[in-house]
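Inspection log for the structure reproduced underneath, given as structure tokens.
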Amino acid sequence: MSTLTLALVLLVGLLLVLVSGLVLAGLAYVTHRHPRLEKPLGVAIGGAGVLVAIAVGLVAVVALTT
-5 MSTLTLALVL LVGLLLVLVS GLVLAGLAYV THRHPRLEKP LGVAIGGAGV LVAIAVGLVA
55 VVALTT
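Listed below in structure tokens is the structure:
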């Protein structure tokens, strides 16, 4: 794997972590402001599960293409 490809993969991984943190914080905030939706921690964990599934899919695609 070339240095440029590795740098791009690391950059995408970093951006995915930052965006997922913002999304999870947003989910927790919305459910905290509207308690009828669900408990904030449960929604954040559900959102984290979806984001982890997306990350695993991206890693699998990178692994299969290299």
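Following this note's numbering, the numbering of the sequence shown begins with -5 at its first residue and continues without gaps. Idealized CB from N, CA, C, for every residue including glycine.
Here Ser14 carries a helix assignment [DSSP, helix/strand/coil]. In this structure, Val6 sits away from Gly41, with a CB-CB distance that is not shorter than 8 Å. From the listed residues Leu(-2), His28, Leu10, the smallest Cα separation to Gly51 is found for Leu10.
Around the beta-carbon of Ala57, fewer than 16 other beta-carbon atoms lie within 10 Å, marking it exposed.
Under the DSSP assignment, Pro34 falls in the alpha helix (DSSP H) whose first and last residues are 34 to 59.
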